[in-house]
Amino acid sequence: MASTTNDCARERQDRCPGILRLHEAGDGALARVRLPGGRLGADALAALAAGARLGNGIAELTSRASIQLRGLSEERAGELAEVLAAGGLLPSPAHDRVRNILASPFGGRVGGGGGAGGGPAGGSAGDELAEGSGVVTDALVAALDRALCADAALAALPGRFLFAVDDGDGHVDGGAADVALVATARDPRDSRVRLHLAGAATALVVDAPQAVEVALGAAHAFLVLRARDAPEAWHVGDLPGGARELAAEIGTALAAAVDVPAAAAAVPALGTRRQRDGRLAITVLPRLGRLGGDELAALAVLVRAAGDDVDACLSSGRTITFVDVEADRAATLERGLARLGLIVAEDSGWRGLSACSGAGACRRARIDVRGAAEARAAQRGPDAPREHWCACERACGAPLGAGVVRVVAGAGEPAGATEVVVTRGRGDEVVGSADQAVALLVAG
Ligand code: SF4
C-alpha cells in the first residue's frame with residue numbers, strides 16, 4: 007500500500023518519495039520513479055505516460071536521471087503502481103527507493119567524451135577509437151540493479167544513497183555518488199573499474215565481473231557503520247570517518263593521485279553522434295527537464311519505430327539520448343523529436359539550464375523561477391556555464407561542481423521580503439528579484 011509523506015526536506019527521517027511512497031507537493035502527490043542507468047525502453051516510456059496521465063500530466067527529469075510524476079492522488083496510488091510495474095519499473099517493491107544507479111547515457115558507445123567539443127556523427131568510427139573510448143557499461147548497470155534487488159538487506163539503504171557506473175567519459179558526476187565504479191581506462195578492451203566512495207578514489211581496482219560484488223559489499227559495510235556510529239546517516243560522507251573509514255571497513259584504502267573523469271561534460275552535447283559500432287546516438291533536451299504525458303507516449307511510439315535495440319537514456323544533465331539507432335532510421339527519429347519541441351541544437355541557450363519545480367508545484371516557492379529561467383534561456387550563449395535556478399533556499403536539484411552558476415531565492419529584509427542570490431565564483435551577489443538576477447547574468 008502506498009503512503010503519503012508531508013515533507014521531503016532533509017529531515018533525519020528518510021522520507022524520500024518513490025513509486026510506493028508518495029510525497030505531498032503543492033500540486034498534489036508526487037512519485038519518483040528510479041531508472042537504473044537512466045535507461046528507458048518503449049514499454050517503460052508508455053508506462054510512464056500512463057502514470058503521468060493519472061496525475062496532472064507533468065513528468066520531470068531529475069539530476070539523478072530519474073523521473074518524477076506530479077499531481078497524483080493517494081486514491082489512485084495503487085493504480086499508479088500497477089501501471090508502472092507493468093512497464094518493468096517496479097521489479098522489487100522492497101527496493102523501490104534504493105535503485106539509485108547513475109550512469110553515462112552513452113554507456114561507453116562513443117569516444118571523445120560526448121561533451122561539448124566531442125565528435126559529431128560525421129567522424130569515422132576509427133576516429134572515435136583514436137579519441138579514446140569508455141568501457142561499455144550497460145551490462146554492469148543491469149547486473150548491479152539485479153543484484154541490488156535480490157539483496158533483501160540492502161532494501162534498508164536510504165532513498166538518497168547513490169550508486170554510479172562511470173564509463174570514463176565524464177558524464178557522471180562521481181562526486182555525488184556514494185559508491186561509484188569508474189572505468190580505469192578509456193579503452194573498451196580494458197574492463198577494469200576502480201571503486202570510488204563519496205567521490206574519493208580507493209586503491210581497489212577489479213575486473214567488471216567482480217565489480218557488482220565490490221559495490222554491494224561497500225553498501226553493506228555502509229549499513230554496518232551507519233547502525234554502529236551514525237543511525238541518521240544518508241550518505242557515506244555522513245559517517246564520522248567518511249569514505250576513509252568505509253574503505254578500511256572493506257579492506258582497502260583511499261588512493262592518492264588517481265586520474266578521474268572530468269565532471270565538466272556532465273551535460274552531453276546535443277545532436278547526433280556516431281557510436282563505435284557505426285550506429286548513432288541522438289541527444290535531445292526537454293526544456294527545463296519537463297515532459298508531458300502525451301510527449302512520453304509519443305516518445306514510446308518513436309522508440310518502438312526506431313528499432314528493437316533503441317533505448318532512451320536519461321542523464322544527470324536532464325538530457326535524453328537515444329542509443330543504437332541505425333543510420334537509415336535516424337532521420338525519421340530526429341524529425342519526430344523535433345516535432346515534439348525537444349531541443350536538438352547544440353548552440354541552444356537551454357542546454358545546461360535547469361530549474362526546480364517552482365511556483366504552482368511547490369508551496370515553498372518564493373518566485374516564478376521557471377518563468378525567469380525561460381527568460382534567461384533566450385539570452386544565454388552556447389558556452390555559458392551550467393546554471394540552476396531555485397525558488398527557495400532548499401536549492402533542490404542544484405548540480406554540484408565549482409563551475410555551476412546558482413540562482414537561489416531566499417528570505418530577505420525586511421521580514422517577508424525575498425532576495426535572490428546569484429553564485430558564480432565571484433562571491434554571492436544579492437539582488438531583489440528574478441528579473442534583476444537575469445539582468446545581472448546578462449551583464450556578465
Ligand atoms: S528549491 Fe524549489 S522545489 Fe525545492 S523546496 Fe524550494 S521551491 Fe520547492
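In terms of my numbering, the sequence shown opens at residue 7 and continues consecutively.
All residues carry an ideal CB built from backbone N, CA and C; glycine is no exception.
No experiment lies behind these values; they were computed from the predicted model shown.
Which residue marks the beginning of the alpha helix (DSSP H) containing residue i, and which one marks its end?
{"i": "His226", "result": "Ala214 to Asp235"}
{"i": "Gln385", "result": "Element bounds for Gln385: n/a, residue is neither H nor E."}
{"i": "Leu343", "result": "Ala333 to Arg345"}
{"i": "Ala53", "result": "Ala48 to Arg59"}
{"i": "Val426", "result": "First-last for Val426: Thr424 to Thr429, but that is the beta strand (DSSP E), not the alpha helix (DSSP H)."}
{"i": "Val309", "result": "Gly299 to Ala312"}
{"i": "Val444", "result": "Ala440 to Ala449"}
{"i": "Leu67", "result": "Premise fails: Leu67 lies in the beta strand (DSSP E), Ile64 to Leu67, not in any alpha helix (DSSP H)."}
Residue i to residue j, Cα distance in whole Å?
{"i": "Arg21", "j": "His241", "result": "14 Å"}
{"i": "Ser321", "j": "Ala224", "result": "24 Å"}
{"i": "Ala122", "j": "Ala275", "result": "Since pLDDT at Ala122 reaches only 34, below the 50 mark, its modelled position is unreliable, and the value read off the structure follows with that caveat. Computed Cα separation, rounded: 5 Å."}
{"i": "Asp235", "j": "Ala249", "result": "14 Å"}
{"i": "Pro420", "j": "Arg335", "result": "59 Å"}
{"i": "Gly438", "j": "Arg400", "result": "18 Å"}
{"i": "Ser139", "j": "Gly433", "result": "Any reading at Ser139 must be qualified, since the residue scores a pLDDT of 43, below 50, and its modelled position is unreliable; no value is offered."}
{"i": "Arg59", "j": "Leu67", "result": "16 Å"}
{"i": "Glu251", "j": "Thr289", "result": "39 Å"}
{"i": "Thr160", "j": "Leu108", "result": "Before going on, a small fix: residue 160 reads as Leu here, not Thr. Rounded to whole angstroms, Leu160 to Leu108 spans 17 Å at the Cα level."}
{"i": "Ala371", "j": "Trp395", "result": "11 Å"}
{"i": "Leu245", "j": "Leu297", "result": "37 Å"}
{"i": "Trp356", "j": "Gly377", "result": "13 Å"}
{"i": "Val104", "j": "Ala37", "result": "14 Å"}
{"i": "Pro23", "j": "Val411", "result": "27 Å"}
{"i": "Glu137", "j": "Asp172", "result": "Residue confidence for Glu137 is low, a pLDDT of 36 falling below 50, so the modelled location carries little weight; the figure read from the coordinates is stated next. C-alpha separation (whole angstroms): 17 Å."}
{"i": "Ala333", "j": "Ala182", "result": "35 Å"}
{"i": "Gly44", "j": "Val307", "result": "19 Å"}
{"i": "Gly409", "j": "Glu85", "result": "42 Å"}
{"i": "Ala344", "j": "Val350", "result": "7 Å"}
{"i": "Gly128", "j": "Arg115", "result": "Residue confidence is low: Gly128 scores 44 on pLDDT, short of 50, so the model does not pin down where it sits. Its coordinate-derived value is still stated next. If I take the Cα positions, the gap works out to 15 Å."}
{"i": "Ala287", "j": "Val230", "result": "41 Å"}
{"i": "Pro391", "j": "Glu81", "result": "43 Å"}
{"i": "Pro164", "j": "Arg430", "result": "31 Å"}
{"i": "Leu222", "j": "Glu435", "result": "43 Å"}
For the beta strand (DSSP E) that residue i lies in, which residues bound it at each end?
{"i": "Ala415", "result": "Val411 to Ala417"}
{"i": "Gly34", "result": "Gly34 to Val39"}
{"i": "Ala262", "result": "That residue, Ala262, is in no beta strand (DSSP E); it is neither H nor E in DSSP."}
{"i": "Arg200", "result": "Arg198 to Leu203"}
{"i": "Glu393", "result": "Glu393 to Cys396"}
{"i": "Arg76", "result": "Ile73 to Leu78"}
{"i": "Ala31", "result": "Arg27 to Ala31"}
{"i": "Gly189", "result": "The identity of residue 189 in the sequence shown is Ala, whereas the question assumes Gly. Val185 to Ala189 is the span of the beta strand (DSSP E), which, as asked, contains Ala189."}
{"i": "Leu359", "result": "Leu359 to Ala361"}
Name the residue from the options whose alpha carbon lies nearest to the alpha carbon of residue i.
{"i": "Arg280", "options": "Cys402, Val329, Leu86 and Leu343", "result": "Val329"}
{"i": "Gly403", "options": "Leu187, Ala344, Arg386 and Ala71", "result": "Ala71"}
{"i": "Leu210", "options": "Val178, Ala254, Gly358 and Ala153", "result": "Ala254"}
{"i": "Arg166", "options": "Ala50, Val290, Glu393 and Gly243", "result": "Gly243"}
{"i": "Asp102", "options": "Val199, Ala109, Leu90 and Gly113", "result": "Leu90"}
{"i": "Ala53", "options": "Asp353, Ala153 and Leu302", "result": "Leu302"}
{"i": "Thr208", "options": "His226, Val230, Asp184 and Pro215", "result": "Asp184"}
{"i": "Ala204", "options": "Gly174, Cys368, Glu393 and Ala239", "result": "Ala239"}
{"i": "Ala440", "options": "Val218, Ala390 and Arg382", "result": "Arg382"}
{"i": "Asp389", "options": "Asp283, Gly450, Val178 and Arg345", "result": "Gly450"}
{"i": "Asp175", "options": "Ser69, Leu154 and Val273", "result": "Val273"}
{"i": "Ala170", "options": "Gly113, Val414 and Ala158", "result": "Gly113"}
{"i": "Arg198", "options": "Ala227, Val142 and His177", "result": "Val142"}
{"i": "Gly313", "options": "Gly47, Glu80 and Thr424", "result": "Gly47"}
{"i": "Leu346", "options": "Glu352, Ala384, Arg82 and Pro292", "result": "Pro292"}
{"i": "Leu305", "options": "Ala65, Ser354 and Ser79", "result": "Ala65"}
{"i": "Asp300", "options": "Leu222, Gly63 and Val436", "result": "Gly63"}
{"i": "Arg285", "options": "Gly295, Ala262, Leu294 and Asp317", "result": "Asp317"}
{"i": "Gly407", "options": "Arg386, Ala92 and Gly323", "result": "Gly323"}
{"i": "Leu294", "options": "Glu393, Ala153 and Val427", "result": "Glu393"}
{"i": "Ser110", "options": "Thr327, Ala415, Gly77 and Gln385", "result": "Thr327"}
{"i": "Pro215", "options": "Ser69, Val428, Arg200 and Ala206", "result": "Arg200"}
{"i": "Asp374", "options": "Ser354, Gly277 and Ala397", "result": "Ala397"}
Residue i CB to nearest chain D CB: under 9 Å?
{"i": "Leu26", "result": "Looking at the structure shown, chain D is missing, and only one protein chain is on hand."}
Quick one: does the C-beta of residue i sit closer than 8 Å to a heavy atom of the ligand MG?
{"i": "Gly358", "result": "With respect to the ligand MG, the structure offers nothing, as its ligand set consists of the ligand SF4."}
Worksheet entry | Cβ contact (3+ pairs, closer than 8 Å) linking the stretch 351 to 363 and the stretch 437 to 449 | With the cut-off at 8 Å, the stretch 351 to 363 and the stretch 437 to 449 do not touch.
Item to complete: Inspect the CB distances between the stretch 255 to 263 and the stretch 181 to 192 and report whether three or more fall short of 8 Å.
Response: Taking 8 Å as the limit for Cβ pairs, the verdict is that the stretch 181 to 192 does not touch the stretch 255 to 263.
Worksheet entry | Stretch pair the stretch 142 to 149 + the stretch 92 to 105: three plus CB contacts closer than 8 Å | Touching, no, given that fewer than three Cβ pairs across the two stretches are closer than 8 Å.
Worksheet item: Can you list, in chain order, every residue whose CB sits closer than 5 Å to a heavy atom of the ligand SF4?
Response: Result (chain order): Cys362, Ser363, Cys368, Arg370, Ala371, Cys396, Ala397, Cys398, Arg400 and Cys402.
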